[in-house]
Structure formats: structure tokens, C-alpha cells
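Okay, so here's the structure we're looking at.
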Amino acid sequence: MKIDRATATGWLRDVAAGRWDAALSDRGGFRRAANSTVFARKVADGGRQRIHLDLIVRPPHARDSFHLSPRCSVAFPAIAKVAAQMLGRNVGGFGKSGVVEMGLLDLIAPESPMMLFDSAERLAAFAPEIERYLTEALVPFLDQRTSVAAFTETKWREWVDNGVSPYGAGRYPLLVAAGHLVMGDARQALRTLETAYPEGSDDRKEYEDAFLVVQAF
Numbered sequence: 005m006k007i008d009r010a011t012a013t014g015w016l017r018d019v020a021a022g023r024w025d026a027a028l029s030d031r032g033g034f035r036r037a038a039n040s041t042v043f044a045r046k047v048a049d050g051g052r053q054r055i056h057l058d059l060i061v062r063p064p065h066a067r068d069s070f071h072l073s074p075r076c077s078v079a080f081p082a083i084a085k086v087a088a089q090m091l092g093r094n095v096g097g098f099g100k101s102g103v104v105e106m107g108l109l110d111l112i113a114p115e116s117p118m119m120l121f122d123s124a125e126r127l128a129a130f131a132p133e134i135e136r137y138l139t140e141a142l143v144p145f146l147d148q149r150t151s152v153a154a155f156t157e158t159k160w161r162e163w164v165d166n167g168v169s170p171y172g173a174g175r176y177p178l179l180v181a182a183g184h185l186v187m188g189d190a191r192q193a194l195r196t197l198e199t200a201y202p203e204g205s206d207d208r209k210e211y212e213d214a215f216l217v218v219q220a221f
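What follows is the structure, encoded as C-alpha cells:
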């Protein structure tokens, strides 16, 4: 008999109640509603962080199993609002619910195992290892982003560490610039944009609205 999503989600909630609720509360002050698979906490500057226990039902690589795919999200409505203005016509669905960053466990901790289970017992046996990645990978990632200033500095440092490139930078530097604007530093915001999207580049044309927002600040 095939197990449906509702049953597997119930297993997740049971393990969370018996184990992960206490661990994430102690480690990071996260809380979870009884009927939810999302842990959340408030941070400075009106921010909110969440850890999501996403469930993939019978994925192609394991048709008889469920695949648990943890991820986290960072919301700073003030940054999201400014960044949406800077994106202009390219905004799309960016910034919904104030979210400015998502982090997949697979990318934060590439060594993490594929979290497959096909029974409550299998999930329970896997629970200690899952807990370790929640508390030792996702929580530290979020701990670096607990205020507008911390988020902005972290994103800037990651960009620099990855090698600042004046071409093909995408939206990444725009988020850094938006953070600087929220903190009232238009000069640094403009320097970031000038570095990321130099005069004459295709990106300069694509993100020209960002320059207008900074110049009008």
C-alpha cells in the first residue's frame, strides 16, 4: 500500500514534536506550530527566519520513498521593498512575504546525505542525523543573517570571497546595495552597483533602475 503525503507529513510532525522542537528551540530559539513542518523565529529589524521541512513524494530517484529536503528562508521586509524598487521591471515575484534569501541544505552542506524514508521507523532512525544538519548547518547559516547589517555584510563577504566580477553578477550585488540603502548609506550602495554593473556592460542596462533608486535616495 502506498503511503500518502498526509501520512508522511504526520510522521514528520511526530518526530519534530519528540525531538527537533527542543533541539531548535535550544539552539536558535525557533518555534513550530503543532500542525506545521516549519520552524520560525523573529530577528532584528523586523526580520523573520524559517526552517522548512519540504517533502518530495515518490521522487524519480526513489519511487517507493519520500525525500526530505530541508531549506531555510530569510525575510527582511525593508530590504525586500527597496530591492523590489531597484529591480524595477525585472522584479517578477521577488520579495514576496519579505523574503530576500533562500538556502537549500544541499548547497549549504553539500556533504549532507539524501534523506529518504519509507516508514515512520525509518524516519525515526534517521532523525538524529537530520537534527545534526538542522542545528549545525542551517542554524549557523541563519545566525549570520540576524539583522539588516549582518545580512548585508554576509552577502558582501560571500560575493567578495567568490571573486568580485564586474560581469554576470546577477541580482546578488543588488541585495547588498539594498541593504546599504536601508542602513542609510547611499554612497556605499552606489559603489557596490558601480562595481557590479560597470558602465557599458549589459548588466548596467538590465539593472539601470537600481541606479535611479540609489541616486534618488
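First residue of the sequence shown? That's 5 in our numbering, and the numbers climb one at a time after it. All residues carry an ideal CB built from backbone N, CA and C; glycine is no exception.
The straight-line gap separating the alpha-carbon atoms of residue 19 and residue 53 is approximately 21 Å. The Cβ-Cβ distance between residue 24 and residue 138 falls below 8 Å. When Cβ pairs closer than 8 Å are counted between the two stretches, the stretch 182-195 is seen to touch the stretch 70-90, the count reaching three or more. Nearest to residue 21 by alpha-carbon distance, out of 32, 6, 37, 195, is 37.
For residue 160, same chain residues with a beta-carbon under 7 Å away, outside a window of 5 residues either side, are 180 in chain order.
By the C-beta density criterion, residue 149 is buried, having at least 16 other C-beta atoms within 10 angstroms. According to DSSP, residue pairing for residue 107 in a beta bridge involves 76. Look at residue 217 here: in three-state DSSP terms it is helix. Within the model, the alpha-carbon separation for residue 200 versus residue 163 is close to 10 Å. According to DSSP, residue 55 shares a beta bridge with 43, 76. Residue pairing from DSSP places residue 61 in a beta bridge opposite 70.
For residue 120, no alpha helix (DSSP H) encloses it; the enclosing beta strand (DSSP E) starts and ends at 119-121. Straight-line spacing of the CA atoms in residue 156 and residue 221 works out to 18 Å.
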